[in-house]
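Peer 1:
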Amino acid sequence: MTTSSPGMVHVKTTINGQAHELLVPPYMSLLDTLRELIGLTGTKEGCLDGNCGACTVSVDGRIVDSCLVLGAEVDGKDVDTVEGMASADGLHPLQQAFLEEAALQCGICTPGFLVAAKGLLDNEPSPSEGRIRHWLAGNLCRCTGYDKIIRAVQKASS
Amino acid sequence: MVATFEPKTDYKVIGTRPIRHDGYDKVTGRAIYGGDLTLPGLIWGVCVRSPHAHANIKSIDTSAAEAMDGVLAVITGADMPEALDKLVDLGEGNVNFKWASNKLMADDKVVYRGHPVAAVAAVDRYTAEEAARKVVVEYEVLKAVTNVTDALAPDAPIVLPDLVGDDLGEDVTNTNMAEHVRHEFGDVEGAMASAAHTIEREYNMQMVHQGYIEPHNATAVWDEEDRIKIWTSTQGAFAARTQIAGILQVDVSKVKVTPLEIGGGFGGKIPVYFEPIAAILSRKSRRPVKMVMERVAIFETTGPTPGGRMIIKLGADSNGKLTAATADIWFEAGANPGSVIGPAAMCVYAPYEIPNTRIDGWDVVVNKPKTAAYRAPGSPQVAFAMESAVEELCEEAGWDSMQFRIDNVSREGTRRGDGVLFSKIGMEEVLEAAKNSDHWNAPLGDPPLGKKRGRGMASGYWFNIGLKSSVNLAVNSDGTVTLVEGSPDIGGTRVAMAMHVAEVLGIGAHDVRPSVVDTELVGYTDVTGGSRTTYATGYACWIAANQLVDELKKRVGILWDINEEDIDFSDGIFNSKAESEKTIGFKELAGKLADLGGPATSIGNVDLESAGDGFGLHIVDIDIDTETGKTDVVRFTAIQDVGTAIHPSYVEGQLQGGAVQGIGWALNEEYYMEEDGSMANSSFLDYRMPTSLDLPPIDTILVEVPNPLHPYGVRGVGETPICPPIPAIANAIANAIGTRLYNTPMNAGSIMEALS
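Heads up: the protein sequence lines correspond to chains F and B, in order. Numbering-wise, my numbering puts 52 at position 52 of the first sequence, and it's gapless, one number per residue. Numbering-wise, my numbering puts 758 at position 600 of the second sequence, and it's gapless, one number per residue.
As structure tokens, this is what we get:
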């Protein structure tokens with residue numbers, strides 16, 4: 001990493017169920033930790049100020065904008081990203097529903113939406129349309145007008 | 159001679175909804191977008207940007223940045239090649255390298271806030287950012303102009319001292335007026351003077367941004383052979399190559415552009431920003447250089463669509479027939495010339511047959527980012543003005559505005575405002591579908607307590623473009639077909655291309671495997687823009703598939719020892735005309751090709767002058783909170799002539815996405831400019847695009863009037879749907895509160911003002 005950095009932070013974390021031991025620069029975001037240090041580029045950069053949700057990941061079951069969390073903060077925590085959603089048995093029902101309902105156009109916001117929607121369905125298996133719209137309001141999509149995203153989440157929830 | 163096609167309906171693949179091929183990578187995080195690329199030895203580049211919108215650069219001191227540990231290259235405007243004054247066609251709009259180069263990196267003067275003045279490459283992004291802060295620039299700040307009225311005032315600061323404006327063919331100097339165009343047909347003054355009803359209104363709009371979620375990015379390698387390799391998120395790899403080669407002044411063959419997955423563009427990812435800068439940093443550092451743009455810079459420095467001022471005057475006879483119209487349109491170009499006056503003129507009157515028309519358009523340079531294409535560039539603005547004026551004319555004359563639109567509808571043979579005559583279009587069918595729609599016939603219903611409800615409608619139009627596309631097909635031994643195309647897939651076009659091929663070959667959509675490739679693996683292909691990809695690249699796919707059938711008939715001829723002319727092909731089966739029981743399926747044949755002459759491939763190339771015009775109409779119900787001025791969209795229906803919907807889900811998605819961008823533009827989005835030329839709301843938080851919570855479901859009605867210019871009847875669909883929402887919402891607001899708004903955004907503040 002940077003040649004001019006101060007001391008690194010020793011981080012032990014679990015990412016998508018796999019243990020990682022890392023030396024993270026103290027100023028590095030969780031987003032960059034995932035993308036630059038580990039190579040998990042499925043989590044996307046959109047704004048770097050917590051307003052688009054493209055970088056949404058789950059930390060100990062709670063969804064966060066990973067651009068606003070430091071890599072050093074996930075020491076001892078479980079991080080889940082879009083790369084961890086599908087299993088050996090196949091796609092997560094949300095992923096399958098996004099494909100079937102054409103809920104993505106460019107796809108850059110899709111990983112964030114999937115992780116955020118999973119965060120909802122893990123706790124509330126049958127949310128109303130209004131609840132889904134409210135929950136996903138922190139994730140911006142500029143292509144779809146949200147209609148098909150909401151339908152996909154409804155499909156995966158029923 | 160332009161080929162025309164008879165409409166068909168008995169399709170096997172067209173009109174179905176297969177899962178997109180690239181979808182699996184996109185829902186699992188495997189898809190590689192521009193920002194995801196890494197290369198051995200990769201370093202990061204960052205721009206040093208002007209904090210002033212208008213200033214002379216007195217000095218730049220890069221020494222502290224260069225001395226920093228981990229910094230590998232620092233460049234300034236002096237490292238950019240002297241730009242050529244040369245206009246080049248990029249498909250959807252022209253670029254003059256002189257301005258394109260100046261926009262990327264200032265020479266001795268900055269003309270918009272965030273204008274790059276230097277760039278730094280370092281071992282990582284954080285180090286590069288730190289180094290960029292150490293570049294010291296001394297400015298002489300000049301007064302900025304940020305709107306068309308101020309820019310055209312007699313004592314206005316001149317943004318570009320060497321600009322020579324074109325005023326109806328006359329050269330003008332010492333001006334911010336880059337171009338004045340006019341289209342005039344019939345006796346406009348006479349018709350207006352004798353009109354029974356006239357209306358004249360002025361409309362003002364603020365600049366808005368495309369708002370794609372993926373930041374601009376570029377990775378460059380300038381190698382020892384002086385070949386430049388670029389990986390980027392672009393709407394057109396070839397258009398990017400043209401710009402990069404032109405700005406760096408090398409032959410196009412020296413530049414290879416690989417389009418990675420693209421996270422939205424809407425027209426804004428046709429211009430290049432970082433690509434030439436990353437290339438120069440790479441030449442200096444001899445390392446691969448990657449750059450990813452910060453969101454503030456995306457708002458402040460990349461192409462929004464113009465705001466401006468419009469005056470519309472309409473004249474109609476006592477029977478409710480339009481007789482005359484005039485439009486005066488002033489659009490902001492941004493800091494370099496070239497706004498979308500031309501398309502605005504093409505679109506302003508398009509839904510109507512009007513015998514006498516005049517349009518005057520002015521392209522005005524201001525100290526704001528250079529505008530770029532944004533979904534039907536120029537059309538939403540004039541739709542806001544025209545459709546508001548039509549509605550108000552009907553209100554004043556006591557006419558039903560749906561009937562008025564039907565009575566004045568444009569159809570085949572109608573002359574557009576710029577003189578072009580329409581071929582077969584579907585505006586009549588759109589109006590009929592709208593008139594018969596559930597939404598239009600549903601009672602408005604009562605709003606919740608404290609709110610006022612209104613309904614509005616408006617039409618919209620985009621001409622769509624054709625242009626150049628090239629595709630290659632190759633048959634695999636397992637009966638699948640490899641499809642190689644040059645159109646970046648911004649919203650599900652790979653699957654639409656595969657469906658074009660599958661329909662011809664009688665195989666499944668997933669038996670065709672589409673890939674978007676770099677500029678060295680496919681023939682020249684224009685941008686994904688102008689709603690052209692499914693139309694033109696799809697057309698090229700159809701040509702290539704038919705050529706493949708011809709090629710495969712030769713192979714069947716070898717197999718059966720008969721002439722290829724004696725072989726028929728339909729629904730994936732070749733059969734002998736003489737012996738009808740003699741057949742072979744596409745897949746079986748594919749497995750035998752190794753012994754029947756070897757590889758079977760084909761190419762489809764098109765350069766299409768015409769495309770097929772797209773018309774739509776949207777209906778919206780809104781509730782306005784009379785205490786806060788907040789507008790809620792409670793029901794929305796988008797109706798559009800889509801020609802033939804190849805993959806209806808993605809066609810619906812275009813209508814829904816366009817409608818929502820229009821809703822954001824109508825109600826909230828704007829460049830809120832400070833007097834010094836800085837944008838006060840340059841973050842997603844403050845710019846405030848619509849979220850899922852702000853919206854109802856967006857219903858769609860696909861009207862299919864097949865386009866005779868395409869083998870399956872495709873019309874472009876992506877752009878038309880951003881045009882109607884702004885006037886439809888303006889009309890709904892007027893319906894709800896009895897007061898009309900003439901400026902965008904029609905936000906809570908404007909509504910409170912109107913209510914008081």
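Every residue gets a Cβ at the ideal spot worked out from N, C-alpha and C, and that includes glycine.
Distance, Cα to Cα, G424 (chain B) vs W598 (chain B)?
Peer 2: Residue numbering aside, residue 424 (chain B) sits at position 266 when the second sequence is read from its first letter. Residue numbering aside, residue 598 (chain B) sits at position 440 when the second sequence is read from its first letter. Just to set this straight, residue 424 (chain B) is Phe in the shown sequence, not Gly. Spanning the two alpha carbons is a distance of roughly 30 Å.
Peer 1: Could you give the distance in angstroms between the alpha-carbon of G536 (chain B) and the alpha-carbon of G500 (chain B)?
Peer 2: Along the second sequence, read from residue 1 onward, the residue named residue 536 (chain B) stands at position 378. Along the second sequence, read from residue 1 onward, the residue named residue 500 (chain B) stands at position 342. If you take the alpha carbons of G536 (chain B) and G500 (chain B), they lie about 8 Å apart.
Peer 1: Distance, Cα to Cα, R563 (chain B) vs I149 (chain F)?
Peer 2: To locate residue 563 (chain B), count along the second sequence from 1; it is residue 405. To locate residue 149 (chain F), count along the first sequence from 1; it is residue 149. Cα to Cα, R563 (chain B) sits roughly 34 Å from I149 (chain F).
Peer 1: Provide the residue(s) that pair with I380 (chain B) in DSSP beta bridges, ordered along the chain.
Peer 2: In the second sequence, counting from the first residue as 1, residue 380 (chain B) sits at position 222. It should be pointed out that residue 380 (chain B) corresponds to Trp in this sequence rather than to Ile. Its beta-bridge partners are B:I386.
Peer 1: Comparing the C-beta of K184 (chain B) with each C-beta of chain F, is any distance below 7 Å?
Peer 2: Sequence index remark: in the second sequence, residue 184 (chain B) carries index 26 (1-based). Yes, because at least one Cβ of chain F sits closer than 7 Å to the Cβ of K184 (chain B).
Peer 1: Using a Cβ-Cβ distance under 7 Å, would T3 (chain F) count as near chain B?
Peer 2: Taking the first sequence and counting its residues from 1, one reaches residue 3 (chain F) at position 3. In this prediction, T3 (chain F) has a pLDDT of 42, which is less than 50 and means its spatial position is unreliable; what the coordinates show is noted afterwards. Yes, its Cβ sits closer than 7 Å to a Cβ of chain B.
Peer 1: Could you check if Q539 (chain B) is buried or exposed, using at least 16 other CB atoms within 10 Å of its CB as the buried criterion?
Peer 2: Position 381 of the second sequence holds residue 539 (chain B). Buried: at least 16 other Cβ atoms inside 10 Å.
Peer 1: Between which residues of its own chain and H355 (chain B) is the CB-CB distance below 6 Å, once the five residues before and five after are set aside?
Peer 2: To locate residue 355 (chain B), count along the second sequence from 1; it is residue 197. The residues are A474, A555.
Peer 1: Which two residues bound the contiguous alpha helix (DSSP H) that contains H918 (chain B)?
Peer 2: Outside the shown range of chain B, which is 159 to 914, sits residue 918 (chain B), and nothing can be said about it.
Peer 1: Can you find at least 3 beta carbon pairs, one from the stretch 500 to 512 of chain B and one from the stretch 622 to 637 of chain B, that sit closer than 8 Å?
Peer 2: No, the stretch 500 to 512 of chain B is not in contact with the stretch 622 to 637 of chain B.
Peer 1: For K442 (chain B) versus A493 (chain B), is the C-beta spacing smaller than 7 Å?
Peer 2: Along the second sequence, one-based indexing puts residue 442 (chain B) at 284. Along the second sequence, one-based indexing puts residue 493 (chain B) at 335. No, they are not a contact pair.
Peer 1: I want to verify the contact list: residues of chain B whose CB lies under 9 Å from the CB of G42 (chain F), in sequence order.
Peer 2: Mapped onto the first sequence, residue 42 (chain F) falls at position 42. What G42 (chain F) touches in chain B: T186, G187, R188, A189, D194.
Peer 1: How do the stretch 838 to 857 of chain B and the stretch 804 to 819 of chain B stand: do at least 3 beta-carbon pairs fall below 8 Å, yes or no?
Peer 2: yes
Peer 1: Answer with yes or no whether the minimum CB distance from F98 (chain F) to chain B is below 7 Å.
Peer 2: Counted from its first residue, the first sequence places residue 98 (chain F) at position 98. Yes, its Cβ sits closer than 7 Å to a Cβ of chain B.
Peer 1: Identify the residues that DSSP records as bridge partners of T56 (chain F): which are they?
Peer 2: As a working mapping, residue 56 (chain F) is identified with position 56 in the first sequence. Bridge partners of T56 (chain F): F:D65.
Peer 1: Residue ranges of each beta strand (DSSP E) run of no fewer than 3 residues wholly in the stretch 714 to 771 of chain B, ordered along the chain?
Peer 2: 725 to 728, 731 to 734, 741 to 743, 759 to 766
Peer 1: What are the partner residues of L22 (chain F), as DSSP defines its beta bridges?
Peer 2: Locating residue 22 (chain F) in the first sequence gives position 22, counting from the first residue. Per DSSP, F:V11.
Peer 1: Could you tell me which residues DSSP puts in a beta bridge with Q819 (chain B)?
Peer 2: The residue given as residue 819 (chain B) occupies position 661 in the second sequence. None; Q819 (chain B) has no bridge partner.
Peer 1: Hey, does T849 (chain B) have any beta-carbon neighbour from chain F nearer than 7 Å?
Peer 2: Locating residue 849 (chain B) in the second sequence gives position 691, where the first residue counts as 1. For T849 (chain B), the answer is yes, since a Cβ of chain F falls inside 7 Å of its Cβ.
Peer 1: Does the contact criterion of 3 or more C-beta pairs under 8 Å hold for the stretch 482 to 489 of chain B versus the stretch 460 to 471 of chain B?
Peer 2: Contact holds: three or more Cβ-Cβ distances are below 8 Å.
Peer 1: Going by beta carbon distance, what residues of the same chain come within less than 7 Å of L439 (chain B), once the five residues before and after it are set aside?
Peer 2: Here residue 439 (chain B) refers to the residue found at position 281 when the second sequence is read from its first residue. If we look at L439 (chain B) and ignore the five residues flanking it on each side, its Cβ neighbours are G203, A231, I233, A277, A279, V447.
Peer 1: Identify the contact partners of A817 (chain B) in chain F, using a Cβ-Cβ distance below 7 Å as the criterion.
Peer 2: Position 659 of the second sequence holds residue 817 (chain B). Chain F residues near A817 (chain B): G145.
Peer 1: Anyone know if the C-beta pair for T377 (chain B) and L262 (chain B) falls short of 7 Å?
Peer 2: Position 219 of the second sequence, counted from the start, is the residue given in the question as residue 377 (chain B). Position 104 of the second sequence, counted from the start, is the residue given in the question as residue 262 (chain B). The answer is no: Cβ separation not under 7 Å.
Peer 1: In whole angstroms, what separates the C-alpha of K246 (chain B) from that of N252 (chain B)?
Peer 2: Within the second sequence, the letter at position 88 stands for residue 246 (chain B). Within the second sequence, the letter at position 94 stands for residue 252 (chain B). In the sequence under discussion, the amino acid at residue 246 (chain B) is Val, which differs from the Lys named in the question. Cα to Cα, V246 (chain B) sits roughly 6 Å from N252 (chain B).
Peer 1: Which one of B:E877, B:G575, B:T174 has the shortest CA to CA distance from G688 (chain B)?
Peer 2: For the purposes of this step, residue 688 (chain B) is identified with residue 530 of the second sequence, where counting begins at 1. Looking at the Cα atoms, B:E877 is the closest of the given residues.
Peer 1: What is the residue span of the beta strand (DSSP E) that C47 (chain F) lies within?
Peer 2: Taking the first sequence and counting its residues from 1, the one referred to as residue 47 (chain F) is at position 47. Following the DSSP letters along the chain, one finds C47 (chain F) in no beta strand (DSSP E), marked with neither H nor E.
Peer 1: Using DSSP with H/G/I as helix, E/B as strand and the rest coil, what is Q368 (chain B)?
Peer 2: As a first step, residue 368 (chain B) is located in the second sequence; it is residue number 210 there, counting from the start. Correct three-state label for Q368 (chain B): coil.
Peer 1: List the DSSP bridge partners of T522 (chain B).
Peer 2: Counting from one through the second sequence, the residue named residue 522 (chain B) turns up at place 364. For the record, residue 522 (chain B) in the displayed sequence is Val; it is not Thr. Bridge pairing for V522 (chain B): B:M335, B:E490 [DSSP].
Peer 1: Near S635 (chain B), which residues of its chain fall below 8 Å by C-beta distance, leaving aside the five closest residues on each side in sequence?
Peer 2: Working through the second sequence from its first residue, we reach residue 635 (chain B) at position 477. So the qualifying residues of the chain are A748, G749, L751, A752.
Peer 1: Rounded to a whole number of angstroms, what is the C-alpha to C-alpha distance between T460 (chain B) and P274 (chain B)?
Peer 2: For the purposes of this step, residue 460 (chain B) is identified with residue 302 of the second sequence, where counting begins at 1. For the purposes of this step, residue 274 (chain B) is identified with residue 116 of the second sequence, where counting begins at 1. So the alpha carbons of these two residues sit roughly 12 Å apart.
Peer 1: Between the stretch 826 to 838 of chain B and the stretch 360 to 370 of chain B, do at least 3 Cβ pairs fall closer than 8 Å?
Peer 2: yes
Peer 1: In chain order, which continuous runs of the beta strand (DSSP E) of length 3 or greater are located wholly inside the stretch 556 to 638 of chain B?
Peer 2: 609 to 620, 625 to 633
Peer 1: Of the choices B:E296, B:Q814, B:E545, B:P864, whose alpha-carbon is the least far from that of I357 (chain B)?
Peer 2: As a first step, residue 357 (chain B) must be located in the second sequence, where it is residue number 199. Cα-wise, what sits closest to I357 (chain B) is B:E545.
Peer 1: Hey, which unbroken runs of the alpha helix (DSSP H) at 4 residues or more fall wholly within the stretch 289 to 348 of chain B?
Peer 2: Along the length of the stretch 289 to 348 of chain B, whole alpha helix (DSSP H) runs at least 4 residues long occupy 306 to 310, reported in chain order.
Peer 1: Closer than 9 Å by beta-carbon distance: list the chain C residues that pair up with I780 (chain B), in chain order.
Peer 2: This model lacks chain C altogether; the protein chains it does include are F and B.
Peer 1: Closest to D783 (chain B) by CA distance: which of B:A311, B:G907, B:R178 is it?
Peer 2: Mapped onto the second sequence, residue 783 (chain B) falls at position 625. For D783 (chain B), the nearest C-alpha among the options comes from B:G907.
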